[in-house]
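Visitor: Got a structure for you, questions after.
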Amino acid sequence: MAIEFGLKEEQEMLKTMARDFLETECPKTAVRQLMEDEIGHSPELWKKMAEVGWMGLVFPEEYGGTGMNFRDLTILCEEMGRAVLPGPFFSTVLLVGMPILDFGTDEQKQEFLPKIANGEAVCTLAALEEDGDLWAEGISVKALQRGDEYIINGTKLFVPDARAADYMLVAARTKRTENPEEGITLFLVNAKEWGIYIQNLIIMDETRKQYEVRFTNVPVPARNIIGELHQGWPILKQIALKASAALCAELVAVGEWAVETTVAYMKERVQFGVVIGSFQALKHKAADMHVAMEYSRSLMEWAAECIKENHPDATMAVAMAKSYCGDSAKFVTDAGIQLHGGIGFTWDHDMHLYFKRARSNDTAFGDSNYYKEWIVNTLEANII
Amino acid sequence: MVSKESAEAEALRREVRTWLEANLPEKWGTPEYVPPERFSQEAQDLGKSWTKRLYDAGYTGFNISKEYGGIERPAGEIAIILEELMRRGTPPGPQSLGLLMVVGTIMGWGQDWQKKRFISKILSGEESWCEGFSEPNAGSDLANVQTTAVRDGDEWVVNGQKCWTSMWKFADWSLLVVKTDLEAPRHRNLSYFIFDTTTPGFSRRPLRQMTGEVEFGEMFFDDMRIPHENMIGEEGRGWYVAMTTLASERSGGGMAMGGGGGMGMAAGAGMMGFGIGGVDSLIQLAKNTKRHGKAIWEDANFRQRIAQFAIENQATRYYGARLGVKMRQGTATGNEASIIKNSQAERRKLQGDMVMEIIGAYSQLMRGDPRAIDGGEQVYNMIRARGATIEMGTSEINRNIIAERILGLPRV
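As they're listed, the protein sequences go chains R and D.
With positions in the first sequence counted from 1, the corresponding number in our numbering is that position plus 161.
With positions in the second sequence counted from 1, the corresponding number in our numbering is that position plus 579.
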């Protein structure tokens, strides 16, 4: 077992490079422009990200990647969270690139991974439906076989980055049995096919666009099935696991930004003739915020390391991290607004971008309460 | 928590387990085991002999060089030993205060003769220690110490009173912070001493606490004379020495087993799996206890809180592990101890409260009542936990430390 905390020298370098890159290429002015944009994706920025090798970071070299590990990827995700970077990196790499890498055939990897790595292919996952709940019974979009292709019909909801996407990984029901986890299949669908209708959702976190996507007789070749026919559910769970770890990395950075920014403000804002950071009631709040983020980071690094090492504790580690990081990021961004007072409530101040990202990340792939229920169930099973 | 280990690691793990079976008190860990009454002579003797056994086996005294009686082992081995000791649970040692506070202080500030004279006897449990810091008017405001020491030739003459002294009854030696300069400003007017508790002019008496027990005492000094060579650190610098003591104490929390600096112990604790730490027993209790005919374990709200408790246990442990890395890199400041101390104390309270909620009406039955759950231990723990967020720096003082020394917010 090699669970390691802290960063190695090359990881420190990756972090510094990523922070510099994003400060230059995606300052808050750019973030706010992309928030206004209906697609929320900058092809120019995407191209530059491909040039520095980000989309292919964890892909092996033979597929156009740089062969780095999952912990390295989370370092990148942290910096993206810190920048509240809009755009389809998370959708493309975590939601589609990773499952192709983990479950795709060699031909599929040859076909899609280099395109993802070089920035040609933007991808996303269409999993959730009307009930907004990621569980097997919630998947009712149908795919019926017709010759060597499948025809997809139905409506997906909360699909991130759908307008920017070239490919969508669609979770569809291919068989109805007593066990809802049986009979789900994942199809990599060309997002520009006829019959795909995309409708914007008016979404709270405008740095991460989401959509309704309707499929009307959309064909997809059978060779684009990722994993086995009817066996898509375990893959979805694996996607959720890694995506959640990446969301935790973002949450940690989001929360740390809120704490840093708030503490800095407490040192300069003067009321009653003194800086507000000298008031004990506020100091104690700041101390609690700091501790929440230190603990979040500890759980997040443990979870990322467990995934990297393929450790048996990975699911428990991610569940604990996702629950705690979500709660903590919500707490510190809320406290951040409170401690800023009126200015923190304005549109112009950046705190609300972090507040909203904390909430959308907490919700995605299971919120804090969802994971707590999972944790007690699992702990119970382990005791006996 | 399953993890792959090397053959050497597994062998050490087996060695420790076998040793524990051979050396723990009879019936240890079974319902038949009857522990000695807390704070009794019998408990003191058990703690002393247990410490001696641990020391002779090489399972304590880590992070201290051999020269001073320490036991040098690789970090990986220490982690395994601590993990096995924690897993099995071991008798509480009265030596723990010595390990927690005195070793770190003497190693950090002491003269060489002091290290040679005292460290090994603490590690082996031969000598017990207590701490003369708090006074009736110097609690959270520790710098407001009123006990004085006046120099007289090669000696200092001490007058005043200390309170909330743990291990007051059995201590052979004590730490002591006193005012040695009546003119100097705060924080620069104190000096730090150690003294033998058989010194004439020293007396002690019990201080009864809300559990009904006498865990702490008061110490009185009436022209007590201490040789000058017993000073730790420089004259007038006692405050800074005391800060080292408190940081060791805070980060060590209840995990005195490792010896040496408290931060090392916290880091060691960071490597443990999550089977321990009270979560398992909470779940068992919630499953076996019914309210209106339904197991409390079925209650969704309660389940969420148990999960939260488990998560925070784990977060503290992995924070400890991260701190261990920082210590090795030399980037830890010591102020992080306040974070660990606060969580341990607050979770101890929370655990007590959750157990009381589960056992309901039985939460009123104390030790001695035949119907008391766990012989009243759980109720005792719940009550005793009220002290946890006060001793070793209140939670509020520790939040001040985090805000001022870690976040750099202004001190008032």
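The C-beta atom is built at its ideal place from N, Cα and C for all residues, glycine as well.
Can you grab the Cα-Cα spacing for the pair residue 646 of chain D / residue 706 of chain D, in whole Å?
Guide: Reading the second sequence from its first residue, position 67 is the one you call residue 646 of chain D. Reading the second sequence from its first residue, position 127 is the one you call residue 706 of chain D. Distance between the alpha carbons of residue 646 of chain D and residue 706 of chain D is about 18 Å.
Visitor: Give the secondary structure of residue 643 of chain D by DSSP, where H, G and I count as helix, E and B as strand, and everything else as coil.
Guide: As a working mapping, residue 643 of chain D is identified with position 64 in the second sequence. If DSSP states are grouped into helix, strand and coil, residue 643 of chain D belongs with coil.
Visitor: Please give me, in chain order, every unbroken run of the beta strand (DSSP E) with length at least 3 that falls completely inside the segment 843-922 of chain D.
Guide: DSSP runs (the beta strand (DSSP E)) wholly in the segment 843-922 of chain D: none.
Visitor: Going along chain D in order, which residues have a C-beta closer than 7 Å to the C-beta of residue 166 of chain R?
Guide: For the purposes of this step, residue 166 of chain R is identified with residue 5 of the first sequence, where counting begins at 1. Simply 900, 901 and 904.
Visitor: To test your reading of the DSSP string, which unbroken alpha helix (DSSP H) runs of 4 or more residues are found completely within the segment 765-789 of chain D?
Guide: Counting only runs of 4 or more, we get nothing.
Visitor: Measuring alpha carbon to alpha carbon, tell me which residue in R:325, R:221, R:311 and R:431 is nearest residue 251 of chain R.
Guide: Translated into positions along the first sequence, residue 251 of chain R becomes position 90. Checking every option, the nearest Cα to that of residue 251 of chain R belongs to R:325.
Visitor: Residues of the segment 480-505 of chain R in Cβ contact with chain D at a cutoff of 8 Å, in chain order, please.
Guide: Cβ contacts with chain D: 481, 484 and 485.
Visitor: Taking CB distances under 7 Å as the criterion, tell me whether residue 919 of chain D reaches chain R.
Guide: Residue numbering aside, residue 919 of chain D sits at position 340 when the second sequence is read from its first letter. So, not an interface residue.
Visitor: Of the choices R:458, R:285, R:234 and R:397, whose alpha-carbon is the least far from that of residue 527 of chain R?
Guide: Position 366 of the first sequence, counting from 1, holds the residue named residue 527 of chain R. When each option's Cα is compared against that of residue 527 of chain R, the closest is R:397.
Visitor: List the endpoints of the continuous beta strand (DSSP E) containing residue 351 of chain R.
Guide: Translated into positions along the first sequence, residue 351 of chain R becomes position 190. Segment 345-351, the beta strand (DSSP E) holding residue 351 of chain R.
Visitor: Pairs of beta-carbons, one from the segment 339-349 of chain R and one from the segment 402-418 of chain R, closer than 8 Å: are there three or more?
Guide: Taking 8 Å as the limit for Cβ pairs, the verdict is that the segment 402-418 of chain R does not touch the segment 339-349 of chain R.
Visitor: Mind listing, in chain order, the continuous beta strand (DSSP E) runs of no fewer than 3 residues lying wholly within the segment 228-307 of chain R?
Guide: For the segment 228-307 of chain R, whole beta strand (DSSP E) runs of length 3 or above, ordered along the chain, are 284-287 and 303-307.
Visitor: In chain D, which residues lie with their C-beta within 7 Å of the C-beta of residue 385 of chain R?
Guide: The residue labelled residue 385 of chain R in the question sits at position 224 within the first sequence. Correct list: empty, because the minimum Cβ distance to chain D is about 37 Å.
Visitor: Out of R:219, R:226 and R:239, state which residue places its alpha-carbon closest to the alpha-carbon of residue 176 of chain R.
Guide: Translated into the one-based positions of the first sequence, residue 176 of chain R becomes position 15. Selected option, being the one with the closest Cα: R:239.
Visitor: Just how far apart, CA to CA, sit residue 466 of chain R and residue 165 of chain R?
Guide: Numbered from 1 along the first sequence, position 305 holds the residue referred to as residue 466 of chain R. Numbered from 1 along the first sequence, position 4 holds the residue referred to as residue 165 of chain R. Rounded to the nearest angstrom, the two C-alpha atoms are 7 Å apart.
Visitor: Any chance you could list the alpha helix (DSSP H) runs of at least 4 consecutive residues sitting entirely within the segment 794-824 of chain D, in chain order?
Guide: Runs of the alpha helix (DSSP H) inside the segment 794-824 of chain D: none found.
Visitor: May I ask which residues mark the beginning and end of the alpha helix (DSSP H) holding residue 515 of chain R?
Guide: Position 354 of the first sequence, counting from 1, holds the residue named residue 515 of chain R. Per DSSP, residue 515 of chain R belongs to the alpha helix (DSSP H) from 512-524.
Visitor: Which bits of chain R does residue 916 of chain D rub up against, with CB to CB less than 8 Å?
Guide: Looking up residue 916 of chain D in the second sequence gives position 337. Simply none; closest approach about 13 Å.
Visitor: Give me the subset of the segment 427-439 of chain R whose CB atoms are less than 9 Å from a CB atom of chain D, sorted by chain position.
Guide: Of all residues in the segment 427-439 of chain R, 427, 428, 435, 436, 438 and 439 have a Cβ within less than 9 Å of some Cβ in chain D.
Visitor: Could you pull the DSSP bridge partners for residue 745 of chain D from this structure?
Guide: Reading the second sequence from its first residue, position 166 is the one you call residue 745 of chain D. In DSSP, residue 745 of chain D forms a bridge with D:795.
Visitor: Check each candidate in R:389, R:357, R:519 and R:249 and name the one with the smallest Cα separation from residue 486 of chain R.
Guide: For the purposes of this step, residue 486 of chain R is taken as the residue at position 325 of the first sequence. Among R:389, R:357, R:519 and R:249, the Cα nearest to that of residue 486 of chain R belongs to R:519.
Visitor: Using 7 Å as the threshold, is the C-beta distance between residue 890 of chain D and residue 481 of chain R below it?
Guide: Translated into the one-based positions of the second sequence, residue 890 of chain D becomes position 311. Translated into the one-based positions of the first sequence, residue 481 of chain R becomes position 320. Result yes, Cβ atoms of residue 890 of chain D and residue 481 of chain R sit closer than 7 Å.
Visitor: DSSP beta-bridge partners for residue 196 of chain R?
Guide: Start at 1 with the first residue of the first sequence, and residue 196 of chain R comes out as number 35. In the DSSP output, where bridge partners are listed per residue, residue 196 of chain R has none listed.
Visitor: Is any beta-carbon of chain R found at less than 7 Å from that of residue 840 of chain D?
Guide: In the second sequence, counting from the first residue as 1, residue 840 of chain D sits at position 261. With a pLDDT of only 34 at residue 840 of chain D, under 50, the local geometry of the prediction cannot be trusted, and no value is derived from it.
Visitor: Measuring alpha carbon to alpha carbon, tell me which of D:671, D:733, D:748 and D:723 ends up nearest residue 739 of chain D.
Guide: On the second sequence, position 160 is the one that residue 739 of chain D refers to. Measuring from the Cα of residue 739 of chain D, the nearest candidate turns out to be D:723.
Visitor: Cutting at 8 Å between CB atoms, please list the residues of its own chain near residue 717 of chain D, excluding the five before and the five after it.
Guide: The residue you call residue 717 of chain D lines up with position 138 of the second sequence. Same-chain partners within the cutoff: 723, 724 and 725.
Visitor: Assess, as a yes-or-no matter, whether the segment 620-639 of chain D is touched by the segment 523-542 of chain R under the definition of 3 or more beta carbon pairs within less than 8 Å.
Guide: Contact fails: fewer than three Cβ-Cβ distances are below 8 Å.
Visitor: With a threshold of 7 Å between beta carbons, is residue 469 of chain R in contact with chain D?
Guide: Against the first sequence, residue 469 of chain R aligns to sequence position 308. For residue 469 of chain R, the answer is no, since every Cβ of chain D falls outside 7 Å of its Cβ.
Visitor: Tell me which same chain residues have a C-beta within less than 8 Å of the C-beta of residue 803 of chain D, skipping the five on either side of it?
Guide: Here residue 803 of chain D refers to the residue found at position 224 of the second sequence. The residues are 736, 737, 738, 774, 778, 779, 780 and 781.
Visitor: Need the endpoints of the alpha helix (DSSP H) that residue 687 of chain D sits in, please.
Guide: Here residue 687 of chain D is taken as the residue at index 108 of the second sequence, counted from 1. First-last of the alpha helix (DSSP H) with residue 687 of chain D: 682-688.
Visitor: Looking at residue 783 of chain D: is its Cβ nearer than 7 Å to the Cβ of residue 815 of chain D?
Guide: Within the second sequence, numbered from 1, the residue matching residue 783 of chain D stands at position 204. Within the second sequence, numbered from 1, the residue matching residue 815 of chain D stands at position 236. Going by C-beta atoms, residue 783 of chain D is not nearer than 7 Å to residue 815 of chain D.
Visitor: Output the distance between the C-alpha atoms of residue 841 of chain D and residue 829 of chain D, rounded to the nearest integer angstrom.
Guide: Position 262 of the second sequence holds residue 841 of chain D. Position 250 of the second sequence holds residue 829 of chain D. Residue placement at residue 841 of chain D is flagged as unreliable, the pLDDT there being 37, under the threshold of 50; the coordinate-derived value follows with that caveat. So the alpha carbons of these two residues sit roughly 8 Å apart.
Visitor: Drop a sphere of 10 angstroms on the beta-carbon of residue 294 of chain R, count the other beta-carbons inside from all chains shown, and report buried for 16 or more, exposed for fewer.
Guide: Along the first sequence, read from residue 1 onward, the residue named residue 294 of chain R stands at position 133. Residue 294 of chain R should be labelled exposed.
Visitor: Taking the C-alpha atoms as reference points, what is the distance between residue 824 of chain D and residue 445 of chain R?
Guide: Here residue 824 of chain D corresponds to residue number 245 of the second sequence, with the count starting at 1. Here residue 445 of chain R corresponds to residue number 284 of the first sequence, with the count starting at 1. Those two C-alpha atoms are separated by around 23 Å.
Visitor: Considering only residues of the same chain and omitting the five flanking positions on each side of residue 104 of chain R, which have a CB-CB separation below 6 Å?
Guide: Missing from the structure shown is residue 104 of chain R; chain R here goes from 162 to 545 and no further.
Visitor: Kindly indicate the opening and closing residues of the beta strand (DSSP E) around residue 697 of chain D.
Guide: Here residue 697 of chain D refers to the residue found at position 118 of the second sequence. Unbroken run through residue 697 of chain D is the alpha helix (DSSP H), 691-702; no beta strand (DSSP E).
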